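Each number in the numbering used here corresponds to the 1-based position in the sequence shown with 2 added.
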Amino acid sequence: MNRHVMRAALAILLAATLAQAANFTLTSPDLGGQLAEQQVFAGFGCTGKNISPQLLWKNAPAGTRSFAITVYDPDAPTGSGWWHWLVFNIPASVNQVAADAGNPARNLAPKGSIQSVTDYGKPGFGGACPPKGDKPHRYVFTVYALKVEKLELNSTSPPAMVGFQLNQNALAKASLISYYGR
Numbered sequence: 003m004n005r006h007v008m009r010a011a012l013a014i015l016l017a018a019t020l021a022q023a024a025n026f027t028l029t030s031p032d033l034g035g036q037l038a039e040q041q042v043f044a045g046f047g048c049t050g051k052n053i054s055p056q057l058l059w060k061n062a063p064a065g066t067r068s069f070a071i072t073v074y075d076p077d078a079p080t081g082s083g084w085w086h087w088l089v090f091n092i093p094a095s096v097n098q099v100a101a102d103a104g105n106p107a108r109n110l111a112p113k114g115s116i117q118s119v120t121d122y123g124k125p126g127f128g129g130a131c132p133p134k135g136d137k138p139h140r141y142v143f144t145v146y147a148l149k150v151e152k153l154e155l156n157s158t159s160p161p162a163m164v165g166f167q168l169n170q171n172a173l174a175k176a177s178l179i180s181y182y183g184r
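Shown next as structure tokens:
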């Protein structure tokens, strides 16, 4: 009988964990279906303001010890997409980042977090800048709930290494997608 009770208890725990992870959500008052001038890169022929959006998340799964945020364009004509922002080691007590937190000079990112190098070649947020005439690109904003307090990476860690560590340590993730074309 104890084995049946143990299985039932594990099933209930698993169902509760999955339900909580399913409720993990990311929102932003700054993002809509299309990116605005604020989230467009300032350079490479683009004339945006290069401001990362405010992001808020809730209902992280039990056991979350830190968070990370990425912005990725899977449509970039590189063969491997384009990483626009990678920030990790966000304390578990934090549930949002302010607009322009992706600008390291502004010091708005959560204390203790690390912004690593993007495909623009430097740390911090790099806004959208798809090639002229290309179809609108998808910009995937993702927050990861991680089972570790810190990733053993730094501001020069390449995007692929950060992505690998995020996927190895993710309890759950929540995403928003916005589009931009020019």
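By construction, the Cβ of each residue, glycine as well, lies at the ideal position given by its N, Cα and C atoms. Since the structure is predicted, the reported quantities are computational estimates derived from the model, not experimental observations.
Here the segment 105-115 does not lie against the segment 162-181, with fewer than 3 beta-carbon pairs under 8 Å apart.
Among the bridge pairs identified by DSSP, Leu28 is matched with Trp59. Its Cα nearest to that of Tyr141, the residue Gly128 stands out among Lys134, Leu148 and Gly128. Secondary structure at Asn105: coil, using DSSP grouped into helix, strand and coil. Buried is the label assigned to Leu88, since at least 16 other Cβ atoms lie within 10 Å of its Cβ. In terms of Cα proximity to Gln36, the closest of Ala130, Val150, Val164 and Asp121 is Ala130.
DSSP places Pro93 within a strand segment (E or B) once states are collapsed to three.
DSSP lists Trp84 as the beta-bridge partner residues of Asp75. Bounds of the alpha helix (DSSP H) holding Val164 are Pro161 to Asn171. Looking at Ser30, Thr158, Tyr122 and Thr29, the one whose alpha-carbon comes closest to that of Ala78 is Tyr122.
Taking all protein chains in view, the Cβ of Asp75 is crowded by 16 or more other Cβ atoms within 10 Å, so the residue is classified as buried. For Tyr122, there is no enclosing beta strand (DSSP E), as DSSP marks it with neither H nor E.
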